[in-house]
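Notes to accompany the following structure.
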Amino acid sequence: MPLFKTSIIRKITIFLVAAMLSMSAMAEIDFNQTQRLANQGNADAQYILGLMYDFGEGGVSQDSFKAVEWYQKAANQGNADAQFNLAMMYRGGEGVRQDYAKAINWYLKAANQGNADAQHNLGFMYSKGLGVGQDHAKAFQWYLKAAKQGFANSQHNLGFMYDTGLGVGQDYAKAFQWYLKAAEQGYSSAQYNIGLLYYSGNGVLQDLAKAKEYFGKSCDNGDQDGCDEYRELNEKGY
Numbered sequence: 104m105p106l107f108k109t110s111i112i113r114k115i116t117i118f119l120v121a122a123m124l125s126m127s128a129m130a131e132i133d134f135n136q137t138q139r140l141a142n143q144g145n146a147d148a149q150y151i152l153g154l155m156y157d158f159g160e161g162g163v164s165q166d167s168f169k170a171v172e173w174y175q176k177a178a179n180q181g182n183a184d185a186q187f188n189l190a191m192m193y194r195g196g197e198g199v200r201q202d203y204a205k206a207i208n209w210y211l212k213a214a215n216q217g218n219a220d221a222q223h224n225l226g227f228m229y230s231k232g233l234g235v236g237q238d239h240a241k242a243f244q245w246y247l248k249a250a251k252q253g254f255a256n257s258q259h260n261l262g263f264m265y266d267t268g269l270g271v272g273q274d275y276a277k278a279f280q281w282y283l284k285a286a287e288q289g290y291s292s293a294q295y296n297i298g299l300l301y302y303s304g305n306g307v308l309q310d311l312a313k314a315k316e317y318f319g320k321s322c323d324n325g326d327q328d329g330c331d332e333y334r335e336l337n338e339k340g341y
């Protein structure tokens, strides 16, 4: 059987959701009025301008440098979404020199305001030692904060940490619980890993039919390993 899957960092949900929300409303947003409000110090307008330039929407050309400029203005006023997006820019070196330490600083500001995406990314940065000393226990703490807010990626990562004893005592039953929360949101790697737990009987009674069910769900959500394991069990008659 394949090894359990870990989760990798992405250009995270709040970033993508903010973009989608802005794109659906961009046709109704007056750029000049938004810029006027932004120049008057309105943090929400500054954040929206950052999005416009970041994604080249609302009638402006994509410009990462201008996006950073407006995110910075809004972030300095405490806008948590702008703080998160500014951290993403520093992490990826978009419109600014890549700087993991500055990314950590802005993630932390957003995370302390309850931004689940920033909490998740702090967990990832600690898990990999990016901009901070590697610390799996701190990674676990930040993942937990995001997971309690329903963030599926963090729920999956908590499951993996309990599964492998990384940063916390190994506990297959808790691994199953956190994987299940993510799996119920359609998170394919969590569905796959639940399949492995049912396959091996770790944390749950061994049940190959259930393993097949979750491998199938993982496959349906785009995980080829899930498809492969489903096929193997299917050919054995489960």
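Count along the sequence shown from 1, then add 103; that gives the number in the working numbering.
Quick reminder that beta carbons are idealized off the backbone N, C-alpha and C, glycines included.
When DSSP assignments are scanned along the stretch 253-299, the uninterrupted stretches of alpha helix (DSSP H) that are 4 or more residues long and fall wholly within it turn out to be 255-267, 275-286. For Gly153, the enclosing alpha helix (DSSP H) starts and ends at 146-158. Glu335 carries a helical assignment under DSSP once its states are collapsed to helix, strand and coil. The beta carbon of Tyr246 sits closer than 6 Å to those of Gly226, Ser257, Asn260, Leu261, all from its chain and outside the five residues before and after it, given in chain order.
Closest by C-alpha distance to Asn218, out of Met228, Lys248, Tyr229, Gly144, is Lys248.
If you draw a straight line from the Cα of Asn324 to the Cα of Ser291, it is about 6 Å long.
Between the C-alpha atoms of Gln273 and Gly159 there is a straight-line separation of about 46 Å.
The three-state secondary structure of Lys205, taken from DSSP, is helix. In this structure, the alpha-carbon of Gly161 lies about 15 Å from that of Trp173. By the neighbour-count criterion, in which a residue is buried when 16 or more other Cβ atoms sit within 10 angstroms of its Cβ, Glu287 is exposed. Shown here for Val271: same chain residues with a beta carbon closer than 7 Å to its own, the five before and five after excluded, namely Phe243, Met264, Tyr265 in chain order. One Cα belongs to Leu152, the other to Gln280, and the distance between them is close to 41 Å. When only Cα atoms are considered, Ala293 and Leu299 end up about 10 Å apart.
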